[in-house]
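Asks:
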Amino acid sequence: MSMVYIAASIILGLGALATGIGFGLLGGKLLEATARQPELSNQLQVKAFIMAGLLDAVPMIGVGLAMYLIFVVAG
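If you read the sequence shown in UniProt numbering, its first letter stands for residue 1, the second for the next number, and so on.
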């Protein structure tokens with residue numbers, strides 16, 4: 001039983017860590033690209049927001065999986 005809780009916490013922790021790293025890389029690359037091509041800043045920002053939405057979906061899937069593990073498998 002306790003292994004399920006450990007697995008759920010690892011899922012949540014690694015999802016949060018990976019999302020933080022991903023947002024950091026995305027923001028850095030957006031700033032680099034905007035500095036190189038200032039006239040494309042609007043297009044780059046739209047694409048970065050789309051990527052941020054997709055990047056944010058990954059930990060939400062992890063939250064759903066962790067809740068399933070905690071409340072259905074362990075419960």
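Glycine included, each C-beta is placed from N, C-alpha and C at the ideal position. Quick caveat: nothing in here was measured; it's all calculated off a predicted structure.
(1) Would you check if the stretch 11-24 and the stretch 60-75 touch, i.e. whether three or more CB-CB distances between them fall below 8 Å?
(2) So, at 6 Å on beta carbons, what are the nonlocal neighbours of V72 in its own chain, with the 5 sequence-adjacent residues on each side left out?
(3) Given S41, which residues of its chain have a CB within under 6 Å of its CB, disregarding the five upstream and five downstream residues?
(4) Would you check if the distance between the CB atom of M51 and the CB atom of L26 is smaller than 7 Å?
(5) My understanding is that M1 touches A74, with C-beta atoms under 8 Å, so please give their C-beta distance in whole angstroms.
(6) Which of the three DSSP states is assigned to M1 in this structure?
Replies: This is what the structure gives:
(1) yes
(2) Against the sequence shown, residue 72 aligns to sequence position 72. Answer for V72: no residue qualifies.
(3) What you label residue 41 is simply residue 41 of the sequence shown in a count that begins at 1. T34.
(4) Walking along the sequence shown from the start, residue 51 turns up at place 51. Walking along the sequence shown from the start, residue 26 turns up at place 26. In this structure, L26 lies closer than 7 Å to M51 by Cβ.
(5) In the sequence shown, counting from the first residue as 1, residue 1 sits at position 1. In the sequence shown, counting from the first residue as 1, residue 74 sits at position 74. Contact holds; Cβ gap of about 6 Å.
(6) In the sequence shown, counting from the first residue as 1, residue 1 sits at position 1. M1: coil per DSSP, three-state reduction.
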